[in-house]
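Student: Residue numbers for the sequence shown follow this note's numbering, beginning at 1 and rising by one.
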Amino acid sequence: MNIGNQNAALIFNDLYRSFSIAQLWLALGWRDIRARYRRTVLGPFWTVMSAGVLIFSLGAVYSILWGVDLTGFLPYFSAGFISWSLIVANTNESCGAFLAGQDIIRSYKMPYAIHVLRVLWRNILVFGHSLTIHLLVLLFIGNGLSWTNLLFIPGLLLTVLNCLWVGIFIATVCTRFRDVMQVVASIMQVMFFVTPIFWPADRIASQPIAEFILVTANPLFHMVDVIRQPLIGMMPSTSSYIYLSVSLLVGLMMTIAVAGRFFRRLSYWL
């Protein structure tokens, strides 16, 4: 068996073992949420309230700046923002996933992916709470719900699967090179402004190069859009599904090449 096959077998075996003990990382992720909001009155809904204030206030401001109707822009912004929050929180927190679980890694022989799945699960829980904000936006605007809204589920699944390989990849790299955490945080901060989250993507349709870089070739846009479009009652682009499917395959191969090689040394870097 060559090195590539050995690395692939190592990663797939780690993922298989992680999902076979799903109750562990599900419980750990839930405990993280409870610990974060212990001794608070509203618990995780404090996050929902702060996101709601930001969405309603910035939505009103940006609708004026962009010269668009609030009834169309606010759902677009709220769905995009809560989708983006899931992606950026998971990316940033995954950087330190193995560092946060170093006591478990040193003490028990357990699959490494559970630490990334723990981070991903708790951010999915926060995303679920944040969906209430979007429902309030739809009620405020007066838009009803439709069966199209349910298409956010396959979009969320595809986004989460991409978040998983990204989490394993950067968690491994950041364990070896700690400075990468700051690089990732800075990149994600910049990407919030250059990705169509609070500004409509069609605003740069007249600039083909900018549209290609910031929209067509931007994986973060596609990850957001397959969730956002169904939440505002629209069909996502087929190209986004294709893009994310290809991204998943390519990302998995990158993860196998990097994490599969470094997993054997991971405990020595902690």
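Ideal Cβ placement from N, Cα and C applies to all residues, glycine included. For clarity, every value in this text was computed on a predicted model and none was experimentally measured.
1) Taking DSSP as the reference, what is the three-state secondary structure of Trp-295?
2) Would Arg-122 and Asp-32 be called neighbours here (beta carbons separated by less than 8 Å)?
3) Between which residues of its own chain and Phe-77 is the CB-CB distance below 6 Å, once the five residues before and five after are set aside?
4) Could you give the C-beta distance for Val-226 and Thr-172, rounded to a whole number, given that I count them as a contact under 8 Å?
5) To the nearest angstrom, how far is it from the Cα of Leu-161 to the Cα of Met-49?
6) At 3 residues or longer, and completely inside the segment 192-263: list those beta strand (DSSP E) runs for me, N to C.
7) Compute the distance between the beta-carbons of Ala-259 and Phe-169, then report whether it is under 8 Å.
8) Given a cut-off of 8 Å on the beta-carbon distance, is the pair Phe-127 and Ile-82 in contact?
9) Can you tell me whether Ala-210 is buried or exposed, with buried defined as 16 or more other CB within 10 angstroms of its CB?
10) In terms of alpha-carbon separation, which member of Cys-174, Ala-51, Glu-93 lies closest to Gly-80?
11) With a Cβ-Cβ cutoff of 8 Å, do Tyr-37 and Leu-266 count as a contact?
12) Keeping to the same chain, check which residues put their C-beta closer than 6 Å to that of Leu-281; ignore five residues upstream and five downstream.
13) Please state the DSSP three-state secondary structure of Ser-146.
14) Does the Cβ-Cβ distance between His-134 and Leu-231 come in under 8 Å?
15) On the three-state DSSP scale, how would you describe Tyr-37?
16) I need the straight-line Cα distance from Leu-138 to Tyr-243, nearest angstrom please.
17) Can you tell me whether DSSP reads Ser-265 as helix, strand or coil?
18) Does the separation of the CB atoms of Ile-256 and Asn-92 fall below 8 Å?
19) Grab the span of the alpha helix (DSSP H) containing Pro-111 for me, first residue to last.
20) Does the separation of the CB atoms of Ala-97 and Val-116 fall below 8 Å?
21) In whole angstroms, what is the alpha-carbon distance linking Trp-84 and Pro-208?
22) To the nearest angstrom, report how far apart Leu-125 and Ile-213 are at their CA atoms.
23) Throw me the rounded Cβ distance for the Thr-238 and Phe-221 pair, which I believe falls under 8 Å.
24) Quick one: using the 10 Å Cβ neighbour count with 16 as the cut-off for buried, is Phe-152 buried or exposed?
25) By how many angstroms is the C-alpha of Phe-19 removed from the C-alpha of Thr-71?
26) Just how far apart, CA to CA, sit Ile-114 and Leu-248?
Tutor: In brief:
1) Outside the shown range of the chain (1 to 270) lies residue 295, about which nothing can therefore be said.
2) Here residue 122 is taken as the residue at index 122 of the sequence shown, counted from 1. Here residue 32 is taken as the residue at index 32 of the sequence shown, counted from 1. The answer is yes: Cβ separation under 8 Å.
3) Counting from one through the sequence shown, the residue named residue 77 turns up at place 77. Shown here for Phe-77: same chain residues with a beta carbon closer than 6 Å to its own, the five before and five after excluded, namely Gly-59, Phe-198 in chain order.
4) Taking the sequence shown and counting its residues from 1, the one referred to as residue 226 is at position 226. Taking the sequence shown and counting its residues from 1, the one referred to as residue 172 is at position 172. No, Val-226 and Thr-172 are not in contact; Cβ-Cβ is about 26 Å, not under 8 Å.
5) Taking the sequence shown and counting its residues from 1, one reaches residue 161 at position 161. Taking the sequence shown and counting its residues from 1, one reaches residue 49 at position 49. For Leu-161 and Met-49, the gap between their C-alpha atoms comes out near 28 Å.
6) None, since the segment 192-263 contains no complete beta strand (DSSP E) of that length.
7) Position 259 of the sequence shown holds residue 259. Position 169 of the sequence shown holds residue 169. Yes; because the gap between Cβ atoms is below 8 Å, this pair is in contact.
8) Taking the sequence shown and counting its residues from 1, one reaches residue 127 at position 127. Taking the sequence shown and counting its residues from 1, one reaches residue 82 at position 82. Against a cut-off of 8 Å, the Cβ pair of Ile-82 and Phe-127 comes out as a contact.
9) Here residue 210 refers to the residue found at position 210 of the sequence shown. Residue environment: Ala-210 is assigned as exposed (fewer than 16 neighbouring CB atoms within 10 Å of its CB, all protein chains considered).
10) Reading the sequence shown from its first residue, position 80 is the one you call residue 80. With distances taken between Cα atoms, Gly-80 lies closest to Ala-51.
11) Looking up residue 37 in the sequence shown gives position 37. Looking up residue 266 in the sequence shown gives position 266. Contact flag unset, no.
12) The first residue shown for the chain is 1 and the last is 270, placing residue 281 beyond what the model contains.
13) Start at 1 with the first residue of the sequence shown, and residue 146 comes out as number 146. Residue state, collapsed to three classes: coil.
14) Along the sequence shown, read from residue 1 onward, the residue named residue 134 stands at position 134. Along the sequence shown, read from residue 1 onward, the residue named residue 231 stands at position 231. Yes.
15) Taking the first residue of the sequence shown as position 1, residue 37 is located at position 37. Tyr-37 carries a coil assignment under DSSP once its states are collapsed to helix, strand and coil.
16) In the sequence shown, the residue the question calls residue 138 occupies position 138. In the sequence shown, the residue the question calls residue 243 occupies position 243. Cα-Cα distance, rounded: 29 Å.
17) Position 265 of the sequence shown, counted from the first residue, corresponds to residue 265. Note that residue 265 is Arg in the sequence shown, not Ser. Correct three-state label for Arg-265: helix.
18) Counting from one through the sequence shown, the residue named residue 256 turns up at place 256. Counting from one through the sequence shown, the residue named residue 92 turns up at place 92. For Ile-256 and Asn-92, no; Cβs fall outside 8 Å.
19) In the sequence shown, the residue the question calls residue 111 occupies position 111. Taken as a continuous stretch (DSSP letters only), Pro-111 belongs to no alpha helix (DSSP H), as it is neither H nor E.
20) On the sequence shown, position 97 is the one that residue 97 refers to. On the sequence shown, position 116 is the one that residue 116 refers to. The answer is yes: Cβ separation under 8 Å.
21) The residue given as residue 84 occupies position 84 in the sequence shown. The residue given as residue 208 occupies position 208 in the sequence shown. In a straight line, the C-alpha of Trp-84 is about 24 Å away from that of Pro-208.
22) What you label residue 125 is simply residue 125 of the sequence shown in a count that begins at 1. What you label residue 213 is simply residue 213 of the sequence shown in a count that begins at 1. C-alpha separation (whole angstroms): 31 Å.
23) Here residue 238 corresponds to residue number 238 of the sequence shown, with the count starting at 1. Here residue 221 corresponds to residue number 221 of the sequence shown, with the count starting at 1. Not a contact, Cβ separation roughly 15 Å.
24) As a position in the sequence shown, residue 152 is number 152, starting the count at 1. With 16 or more other Cβ atoms inside 10 Å of its own Cβ, Phe-152 counts as buried.
25) To locate residue 71, count along the sequence shown from 1; it is residue 71. To locate residue 19, count along the sequence shown from 1; it is residue 19. Those two C-alpha atoms are separated by around 42 Å.
26) Here residue 114 refers to the residue found at position 114 when the sequence shown is read from its first residue. Here residue 248 refers to the residue found at position 248 when the sequence shown is read from its first residue. Each residue's alpha carbon lies about 19 Å from the other.
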